[in-house]
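Peer 1: Next up is a structure, given as structure tokens.
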Ligand SMILES: Cc1cc2nc3c(=O)[nH]c(=O)nc-3n(C[C@H](O)[C@H](O)[C@H](O)COP(=O)(O)OP(=O)(O)OC[C@H]3O[C@@H](n4cnc5c(N)ncnc54)[C@H](O)[C@@H]3O)c2cc1C
């Protein structure tokens, strides 16, 4: 650690989960941070997500875990079965360590908690700023080019957190390859009637062509009633066909596979209430170009099979901020960051890509194998442990993992009165 810590003038592009978390860490460390967001009014897109113990640990480091937990729903159990009743997943975080849990949260809640924090720290947020490229000056400093030809800067460092469609990653030729997934998702938020989802992430499958999921979310920033995210997988090519057939046909299709979903899908009055999400996998040549660093989905978008994308972005934020605190120059910090992230990111990039055909594809062999092996693996102690570590966001290789004790603030659950029937207390 250098005797005098360097203070960097830093631009962060994108006020999503990764960018906001980065802004929180860097500002707290004394750096001069500015956020650039393309929307006039920053806002989250999509329905809900599952924060894993890894992501929750990062939020705890920002001091925001309690706030989000109050708004969200603890998830202990992942349970998935085929339409014929074959169990594919039956995993409880607590069998890995009693203090571990996932957190089902509305995107608006996660966004609001992070956004309010960044605003309270006094980070300038420049909205309506579409970042298109960066330039390195003779003295090594950088400027950020915005659409319309305006330049911002100079900065010691620019961090790209602008998501999967990052113009900077594309412009700076940092992408080795980008593979879109043939399957996509329709997802939305409904009221969790009579606490249907409890503290479970529930999934139902038919081969890999059909996948339906529900995730408890707790409240939204504007509605204290319990909510649930609803997920329906479909081939991306079928989007127009599904819309043309009409909402009622789609609702009937869902309830044919999962009759208990009837009161939930009936809450959708229009396809506009469902977000159509496409995704893909990206491999970068490197996670930086000079002093431009790629983070979050801009660097490593993955399919949501393992529920890790936002968690990985949060981990990027923590680890990049730590690298900047202990390095003498931005170059050293970036090299340090790339080294520190390699194993964790590589594991989840490979694992997500490997898992996708088992759950979202036209294949028949992969789901056939899944139906005969996954449930069995959940009952084999070593395999179950590894599956839970994978889910928790702490794997760094086939036989290596982060210590959840290091990563997770010590939480304990006790019976209480939150929407999901539990409240979570820090021990
Ligand atoms: C169906 C689905 C389910 C998912 N479920 C989960 C889950 O359960 N758990 C999980 O951890 N992850 C999940 N994910 C993944 C997760 O949503 C992403 O990994 C996460 O949102 C990435 O965050 P980010 O901040 O890196 O990027 P983003 O959330 O994409 O944010 C990027 C920000 O940059 C802004 N921006 C974009 N371009 C520019 C520009 N040129 N200039 C300025 N600003 C710009 C955008 O407006 C946005 O505010 C899911 C994804 C999908 C599609």
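Numbering (our numbering), first residue to last: 1097 to 1523. Yeah, the Cβ is synthetic: ideal placement off N, Cα and C, and Gly gets one too. All of these numbers come straight from a predicted model, not from anything done at the bench.
1. Measure the CB-CB distance between residue 1109 and residue 1410 and report whether it falls below 8 Å.
2. Alpha carbons only, please: which of 1140, 1179, 1115, 1101 is nearest the one belonging to residue 1126?
3. State the Cα-Cα distance for the pair residue 1228 and residue 1284, rounded to the nearest angstrom.
4. Do you know offhand how far residue 1396's Cα is from residue 1118's?
5. With a threshold of 16 other CB atoms inside 10 Å of the CB of residue 1136, please say whether the residue is buried or exposed.
6. Check whether the Cβ atoms of residue 1210 and residue 1141 sit closer than 8 Å, and answer yes or no.
7. Which of the three DSSP states is assigned to residue 1108 in this structure?
8. I want to know whether the segment 1246–1259 touches the segment 1380–1394 - three or more CB-CB distances under 8 Å.
9. Confirm the yes/no value for this check: CB of residue 1393, any heavy atom of ligand 1, distance under 7 Å.
10. Let me check one thing: in DSSP terms, what residues is residue 1328 bridge-paired to?
11. Going straight from the alpha carbon of residue 1202 to that of residue 1168, what length do you get?
12. Based on the DSSP output, what are the partners of residue 1195 in its beta bridges?
13. Hey, could you find the ends of the alpha helix (DSSP H) residue 1348 is sitting in?
14. Considering only residues of the same chain and omitting the five flanking positions on each side of residue 1327, which have a CB-CB separation below 6 Å?
15. Quick test of your reading: residue 1147 and residue 1406, contact by CB under 8 Å. State the CB separation rounded to the nearest angstrom.
16. Is it buried or exposed for residue 1261, if we count other Cβ within 10 angstroms and need 16 for buried?
17. Quick one: Cα of residue 1223 to Cα of residue 1240, how far?
18. Could you tell me whether any non-hydrogen atom of ligand 1 is closer than 7 Å to the CB of residue 1162?
19. Between the alpha carbons of residue 1232 and residue 1278, how many angstroms are there, rounded?
20. Report the three-state DSSP secondary structure of residue 1401 (helix, strand or coil).
21. My assumption, with CB atoms under 8 Å, is that residue 1316 sits in contact with residue 1204. Please give the rounded CB distance.
22. Tell me which residue opens and which closes the beta strand (DSSP E) that residue 1177 is part of.
23. Quick one: does the C-beta of residue 1212 sit closer than 7 Å to a heavy atom of ligand 1?
24. So, does the segment 1478–1489 touch the segment 1185–1199, judging by three or more C-beta pairs under 8 Å?
25. Between which two residues does the alpha helix (DSSP H) harbouring residue 1473 extend?
26. Strictly by DSSP, which residues pair up with residue 1276?
27. Kindly indicate the opening and closing residues of the beta strand (DSSP E) around residue 1491.
28. In terms of residue numbering, what span does the beta strand (DSSP E) encompassing residue 1301 cover?
Peer 2: In this structure, then:
1. The residue you call residue 1109 lines up with position 13 of the chain shown. The residue you call residue 1410 lines up with position 314 of the chain shown. Going by C-beta atoms, residue 1109 is not nearer than 8 Å to residue 1410.
2. Here the question's residue 1126 lines up with position 30 in the chain shown. Comparing Cα-Cα distances from residue 1126 to each of 1140, 1179, 1115, 1101, the minimum goes to 1101.
3. By 1-based counting over the chain shown, the position of residue 1228 is 132. By 1-based counting over the chain shown, the position of residue 1284 is 188. Rounded to whole angstroms, residue 1228 to residue 1284 spans 31 Å at the Cα level.
4. Translated into positions along the chain shown, residue 1396 becomes position 300. Translated into positions along the chain shown, residue 1118 becomes position 22. Cα-Cα distance, rounded: 16 Å.
5. By 1-based counting over the chain shown, the position of residue 1136 is 40. Answer is exposed; the Cβ neighbour count stays below 16.
6. Working through the chain shown from its first residue, we reach residue 1210 at position 114. Working through the chain shown from its first residue, we reach residue 1141 at position 45. Against a cut-off of 8 Å, the Cβ pair of residue 1141 and residue 1210 comes out as no contact.
7. Position 12 of the chain shown, counted from the first residue, corresponds to residue 1108. Strand.
8. yes
9. The residue labelled residue 1393 in the question sits at position 297 within the chain shown. Yes, the beta carbon of residue 1393 sits closer than 7 Å to at least one heavy atom of ligand 1.
10. Translated into the one-based positions of the chain shown, residue 1328 becomes position 232. Partner(s): 1282, 1308.
11. Taking the chain shown and counting its residues from 1, one reaches residue 1202 at position 106. Taking the chain shown and counting its residues from 1, one reaches residue 1168 at position 72. Going from the Cα of residue 1202 to the Cα of residue 1168 covers about 7 Å.
12. Taking the chain shown and counting its residues from 1, one reaches residue 1195 at position 99. Residue 1195 is not bridged to any residue.
13. Along the chain shown, read from residue 1 onward, the residue named residue 1348 stands at position 252. It spans 1343–1353 - the alpha helix (DSSP H) in which residue 1348 sits, taken as one unbroken run.
14. For this step, residue 1327 is matched to residue 231 along the chain shown. Within the same chain, residue 1327 has close Cβ partners 1281, 1283, 1309.
15. Numbered from its first residue, the chain shown carries residue 1147 at position 51. Numbered from its first residue, the chain shown carries residue 1406 at position 310. Indeed they touch by this definition, with Cβ atoms about 7 Å apart.
16. Counted from its first residue, the chain shown places residue 1261 at position 165. Burial call: exposed.
17. Here residue 1223 is taken as the residue at index 127 of the chain shown, counted from 1. Here residue 1240 is taken as the residue at index 144 of the chain shown, counted from 1. Each residue's Cα considered, the two are about 14 Å apart.
18. Along the chain shown, read from residue 1 onward, the residue named residue 1162 stands at position 66. Checking every heavy atom of ligand 1 against the Cβ of residue 1162, none is found closer than 7 Å.
19. The count along the chain shown starts at 1 and reaches residue 1232 at position 136. The count along the chain shown starts at 1 and reaches residue 1278 at position 182. Rounded to whole angstroms, residue 1232 to residue 1278 spans 38 Å at the Cα level.
20. As a first step, residue 1401 must be located in the chain shown, where it is residue number 305. Reduced to three states, the DSSP call for residue 1401 is helix.
21. Walking along the chain shown from the start, residue 1316 turns up at place 220. Walking along the chain shown from the start, residue 1204 turns up at place 108. That pair is a contact at about 6 Å.
22. Locating residue 1177 in the chain shown gives position 81, counting from the first residue. Start and end: 1173–1178.
23. Against the chain shown, residue 1212 aligns to sequence position 116. Answer for residue 1212: no, Cβ out of range of ligand 1.
24. yes
25. Taking the first residue of the chain shown as 1, we reach residue 1473 at position 377. Note, residue 1473: alpha helix (DSSP H), 1461–1473.
26. For the purposes of this step, residue 1276 is taken as residue 180 along the chain shown, with counting starting at 1. In DSSP, residue 1276 forms a bridge with 1376.
27. One-based indexing of the chain shown puts residue 1491 at position 395. Counting along the chain, the beta strand (DSSP E) containing residue 1491 begins and ends at 1491–1493.
28. Your numbering for residue 1301 matches position 205 in the chain shown. 1296–1302 is the span of the beta strand (DSSP E), which, as asked, contains residue 1301.
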